[in-house]
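Participant: Numbered by my numbering, the letters in the sequence shown go through residues 2 to 238 in order. Here it is: the structure, laid out below.
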Amino acid sequence: MLAFLITSCAVSVLFRNASMPAPVTYRQVTYRLLPRKTSAWRWLDRVLEEQRQLYNAALQERVDCWHKEGKSLTWRDQFKSLTRCQREVPGMEDVAVAIQRGTLKRLDDAMQDFFRRTKAGLGGFPRFKGCRHWNSISIISGVRIRGNSLQIPRYGQMTVRRRGGSPDGVPRSAILKREGGKWYAVVAVAIPAPVHDDNGHAIGIDMNAGQIATSDGMVIPALGTGRLKARAKRYRR
């Protein structure tokens with residue numbers, strides 16, 4: 002009976018380990034966009050301007066909702082309205098939903114940063130974006146890398162170049178960014194996270210003034226933080 006229980010527990014542990022997803026980490030890989038057709042350059046400029054207008058319209062919607070109803074919209078609320086907007090706004094259905102959702106998620110991140118700053122006693126409400134302050138397109142899903150081509154949802158393939166090759170991983174999202182008249186693609190690639198072996202030895206740490214003492218009898222001098230504090234103070238200025 003005891004052997005049966007041990008075997009059952011071992012099988013259940015193996016089943017849980019097999020069903021758990023493997024841990025992954027994300028790495029940003031930068032590619033140079035090299036569109037071969039003039040239409041591709043025009044598409045990038047047109048989508049960039051349309052997403053800027055979408056960002057400003059979504060921000061205005063949040064402001065109006067707060068003033069009229071006294072509540073805040075979330076990115077889920079604005080995601081749901083995309084389907085209706087694609088039916089009613091001419092030309093909006095030509096752009097992939099993954100790009101439009103990336104713009105709305107970008108606005109939501111700016112709002113969350115504003116709420117965190119407000120709790121800390123700081124200001125900084127998100128501003129409406131002008132042409133000079135909007136230079137990127139966010140794609141939250143549907144990105145693929147095939148050889149020297151970047152697969153963009155609802156557009157197709159666009160030629161890219163990277164020195165040193167591409168890492169082994171699964172592309173998850175991308176940001177198409179314009180810098181100095183050139184376009185780049187910053188792709189977030191999911192790669193397996195390194196697994197650190199656990200030797201089962203637990204160590205307690207006690208941080209005293211000027212030293213760190215561990216439970217196994219080791220005393221480590223604490224690193225000086227004066228230079229780091231001075232650098233942080235300089236950056237704040």
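No residue lacks a Cβ here, since even glycine has one placed at the ideal position from N, Cα and C. From a predicted model like this one, the values you see are computed outputs, not experimental measurements.
Return yes when the Cβ of R28 is within less than 9 Å of the Cβ of A189, no when it is not.
Facilitator: Yes. Within cutoff.
Participant: Are at least three pairs of beta-carbons, each pair with one atom in the region 75 to 83 and one in the region 103 to 116, less than 8 Å apart?
Facilitator: Segments in contact, yes.
Participant: Pick helix, strand or coil for S82, following the three-state DSSP scheme.
Facilitator: In this structure, S82 counts as helix in the three-state DSSP scheme.
Participant: Drop a sphere of 10 angstroms on the beta-carbon of E89, count the other beta-carbons inside from all chains shown, and report buried for 16 or more, exposed for fewer.
Facilitator: Exposed, by the Cβ-count rule.
Participant: Note down the Cα distance separating P127 from I176, rounded to an integer number of angstroms.
Facilitator: One C-alpha to the other measures close to 20 Å.
Participant: Between V144, L55, Y32 and N57, which has its C-alpha nearest R155's C-alpha?
Facilitator: The shortest Cα separation from R155 among V144, L55, Y32 and N57 belongs to V144.
Participant: Within 10 Å of its beta-carbon, does A233 have 16 or more other beta-carbons around it, so buried, or fewer, so exposed?
Facilitator: Classification of A233: exposed, given that the 10 Å Cβ count is below 16.
Participant: Is it true that the CB of K130 sits closer than 9 Å to the CB of R53?
Facilitator: For R53 and K130, yes; Cβs fall inside 9 Å.
Participant: Let me check one thing: in DSSP terms, what residues is V187 bridge-paired to?
Facilitator: Answer by DSSP bridge pairing, in chain order: T31 and I176.
Participant: Whose C-beta lies closer than 6 Å to the C-beta of A99 among residues of the same chain, with five residues either side of it excluded?
Facilitator: So the qualifying residues of the chain are I140, I141, S142, G143 and P154.
Participant: Counting only the same chain and skipping the five closest in sequence on each side, list residues whose C-beta sits under 8 Å from that of A11.
Facilitator: Here A11 scores only 43 on pLDDT, less than 50, and its place in the model should not be relied on; the value that follows carries that caveat. Around A11: no qualifying Cβ.
Participant: Report the residue from R37, M112, G181 and E51 whose alpha carbon sits nearest the alpha carbon of P91.
Facilitator: It is E51.
Participant: DSSP three-state label for G143, please.
Facilitator: Reduced to three states, the DSSP call for G143 is coil.
Participant: Mapping DSSP to helix, strand and coil, what is S150?
Facilitator: Three-state result, S150: strand.
Participant: Would M159 pass as an interface residue toward chain D - the criterion being a Cβ-Cβ separation below 9 Å?
Facilitator: Protein chain content of the structure displayed is limited to a single chain, and chain D is not contained in it.
Participant: For R38 and Q158, I'd like the C-alpha separation in whole angstroms.
Facilitator: Note that residue 38 is Lys in the sequence shown here, rather than Arg. Taking the straight line from one Cα to the other gives about 12 Å.
Participant: My understanding is that M170 touches A191, with C-beta atoms under 8 Å, so please give their C-beta distance in whole angstroms.
Facilitator: First, the residue type needs correcting, since residue 170 is Gly and not Met in the sequence shown. Contact holds; Cβ gap of about 5 Å.
Participant: Consult DSSP for S40 and reduce its assignment to one of helix, strand or coil.
Facilitator: S40 falls in the helix class under three-state DSSP.
Participant: Please report how far the alpha carbon of A121 lies from the alpha carbon of G148, in whole angstroms.
Facilitator: C-alpha separation (whole angstroms): 47 Å.
Participant: Exposed or buried, what is V220 when buried is set at 16 or more other beta-carbons lying within 10 Å of its beta-carbon?
Facilitator: The residue is exposed, with fewer than 16 neighbouring Cβ atoms inside 10 Å.
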